[in-house]
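Here the structure comes first, spelled out in C-alpha cells, and everything after it is commentary.
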Amino acid sequence: MTREQLLTKYDDIFVINHPFVKHKLTSLRDKNTSTREFRMLVEELGTLIGYEATRDLDTIDIEIETPLETAMCPVLKGKKLCIVTIMRAGNGLAEGVLKLSPSARVGHVGLYRDPETKQPVEYYLKMPHSVNERTIIVVDPMLATGNSAIMAIDKMKKMGASDIRFICLFAAPEGIQAFKEAHPDVAMYIGTIDRGLDEHAYIRPGVGDAGDRIYGTR
Ligand SMILES: O=P(O)(O)OC[C@H]1O[C@H](OP(=O)(O)OP(=O)(O)O)[C@H](O)[C@@H]1O
Ligand SMILES: O=c1cc[nH]c(=O)[nH]1
Ligand SMILES: [Mg+2]
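Each position in the sequence shown, counted from 1, maps to that position plus 1 in my numbering.
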C-alpha cells in the first residue's frame, strides 16, 4: 500500500505535520550530524511527538485554592502511563516522552534485528506490574519491516495490556501495513513516512542504523 492508501484506510495513523518536527527529522537524516546532536534530537522529538500522542488523555476538574480564589481546574485523570522502550534505539525517545510525564513507569523490551532473517531476537524484558491498568506508549525511532514493534506489542498484549499506542520517527509503508494488520487497535504517531525499504530492510532515505547513530557504535 502507498502512504496515501494507508492514511485513507486507517484513521488512527497520525503523521506529525509540524515544522519543528520536520526540521529536526531532516537534521537526523544528515550523515554529518554528530552522535551528541543525534541523541539530543531524538530526545527532543520524543517530547514533541509524545505531546501529540497524549493529546486525548482524560482530565478531570478538581477544586484548588489560587492565591486569590477557589477554582475548579483540570488535572490528568484515569489510567497511569507506562512508556515502553524497544532497546536500544527506543531509549532516547523514551527519555523525551518522560519529560512530559516524569512519574510514568518505564518498561524495557530488548530486541535486535537478525541481519540475515530480519526477524527480531529478544534479549531482555522488564515491565512494571499491572500493565492492564495502564496506558502503554511503545517507542522506537524506526519502523522498517515492523517485525520488532509487532513483537514488542504482542508481548504487551500477552501481559494483559489493552490500551496501547506506538510512537516512531521514521516508518516504511511496508512496516506500517504489517503493523496495522497485526495490531489494528494500536494508534500510530509517526514523524514521517519514508519511501520504502532497501534490500537489507533499511528505511530509505532514512537515517541509517538509529541505534548506532544514537550511541556512536559501529
Ligand atoms: O521494523 P524492523 O524491521 O523490525 O526494524 C526496526 C528495528 O531495528 C532497529 O533496531 P536494531 O535491531 O538495529 O537494534 P538497536 O536498537 O540495538 O540498534 C530499530 O530501532 C527497530 O527496533
Ligand atoms: O533503517 C533502519 C531499519 C532498521 N533499523 C534502523 O535503525 N534503521
Ligand atoms: Mg540498530
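Cβ coordinates follow ideal geometry from the N, Cα and C atoms, glycine included.
* Quick check: the region 160-175 against the region 196-208, are there 3 or more CB pairs under 8 Å? -> Touching, yes.
* For the region 159-168 against the region 133-144, are there 3 or more C-beta pairs whose distance is under 8 Å? -> The region 159-168 makes contact with the region 133-144, as at least three CB pairs between them are under 8 Å.
* To do: May I have all residues whose beta carbon comes closer than 5 Å to any heavy atom of ligand 2, sorted in chain order?
  => Those residues are Met143, Ala145, Tyr203, Ile204, Gly207, Asp210, Ala211, given in chain order.
* With distances taken Cα to Cα, identify the nearest neighbour of Leu101 among Gly51, Thr71, Val110, His19. => For the purposes of this step, residue 101 is taken as residue 100 along the sequence shown, with counting starting at 1. Answer by Cα proximity: Gly51.
* To do: Note down, one range per segment and in chain order, each beta strand (DSSP E) of at least 3 residues found wholly within the region 60-130.
  => Under the rule that a run must span 3 or more residues, the beta strand (DSSP E) segments found entirely inside the region 60-130 read 60-66, 71-77, 81-88, 106-114, 121-127.
* Lys119: beta carbon under 7 Å from a heavy atom of ligand 1? -> On the sequence shown, position 118 is the one that residue 119 refers to. For Lys119, the shortest separation between its Cβ and any heavy atom of ligand 1 lies below 7 Å.
* What is the DSSP secondary structure of Arg56, counted as helix, strand or coil? -> Locating residue 56 in the sequence shown gives position 55, where the first residue counts as 1. When secondary structure is reduced to three states using DSSP, Arg56 falls in the coil class, being assigned neither helix nor strand.
* Asked: Going by the CB atoms, is the gap between Glu53 and Tyr190 shorter than 8 Å?
  -> Position 189 of the sequence shown, counted from the start, is the residue given in the question as residue 190. Position 52 of the sequence shown, counted from the start, is the residue given in the question as residue 53. Cβ atoms of Tyr190 and Glu53: closer than 8 Å.
* Between the region 144-161 and the region 71-82, do at least 3 Cβ pairs fall closer than 8 Å? -> With a cut-off of 8 Å, the region 71-82 and the region 144-161 do not count as touching, because too few Cβ pairs lie within range.
* When the Cα atoms are used, what is the spatial distance from Val16 to Thr60? -> Counted from its first residue, the sequence shown places residue 16 at position 15. Counted from its first residue, the sequence shown places residue 60 at position 59. Cα-Cα distance, rounded: 24 Å.
* To do: May I ask which residues mark the beginning and end of the beta strand (DSSP E) holding Arg135?
  => As a first step, residue 135 must be located in the sequence shown, where it is residue number 134. 135-140 is the span of the beta strand (DSSP E), which, as asked, contains Arg135.
* Asked: Can you tell me whether Thr86 is buried or exposed, with buried defined as 16 or more other CB within 10 angstroms of its CB?
  -> Residue 86 sits at position 85 when you count from the first residue of the sequence shown. Counting the other CB atoms within 10 Å of its CB gives Thr86 a total of 16 or more, which places it among the buried residues.
* Cβ of Ala95 within 7 Å of any heavy atom in ligand 3? -> Residue mapping note: residue 95 aligns to position 94 of the sequence shown, counting from 1. Outside the cutoff, so no.
* Contact test: Asp213 Cβ vs ligand 1 heavy atom, cutoff 7 Å -> Mapped onto the sequence shown, residue 213 falls at position 212. At least one heavy atom of ligand 1 is found less than 7 Å from the C-beta of Asp213.
* To do: Tell me whether the beta-carbon of Asn148 lies closer than 8 Å to the beta-carbon of Gln178.
  => Position 147 of the sequence shown, counting from 1, holds the residue named residue 148. Position 177 of the sequence shown, counting from 1, holds the residue named residue 178. Taking 8 Å as the Cβ cut-off, Asn148 and Gln178 do not qualify as a contacting pair.
* Would you tell me roughly how many angstroms separate the C-alpha atoms of Tyr113 and Thr34, rounded to the nearest one? => As a first step, residue 113 must be located in the sequence shown, where it is residue number 112. As a first step, residue 34 must be located in the sequence shown, where it is residue number 33. If you take the alpha carbons of Tyr113 and Thr34, they lie about 24 Å apart.
* **Burial state of Glu44, where buried means 16 or more other Cβ atoms lie within 10 Å** => One-based indexing of the sequence shown puts residue 44 at position 43. Classification of Glu44: buried, given that the 10 Å Cβ count is 16 or more.
* For Ala202, three-class secondary structure by DSSP -> The residue labelled residue 202 in the question sits at position 201 within the sequence shown. Looking at Ala202 - three-state DSSP - the assignment turns out to be coil, as it is neither helix nor strand.
* Asked: By Cβ distance below 7 Å, which residues in the same chain neighbour Met128 in space, the five residues on each side in sequence not counted?
  -> As a position in the sequence shown, residue 128 is number 127, starting the count at 1. Gly108, Met160, listed in sequence order.
* Hey, is Gly212's beta-carbon within less than 8 Å of any beta-carbon in chain C? -> Absence of chain C from the displayed structure is noted, only one protein chain being present.
* To do: Would you kindly report the start and end of the unbroken beta strand (DSSP E) that includes Met189?
  => Along the sequence shown, read from residue 1 onward, the residue named residue 189 stands at position 188. Under the DSSP assignment, Met189 falls in the beta strand (DSSP E) whose first and last residues are 188-194.
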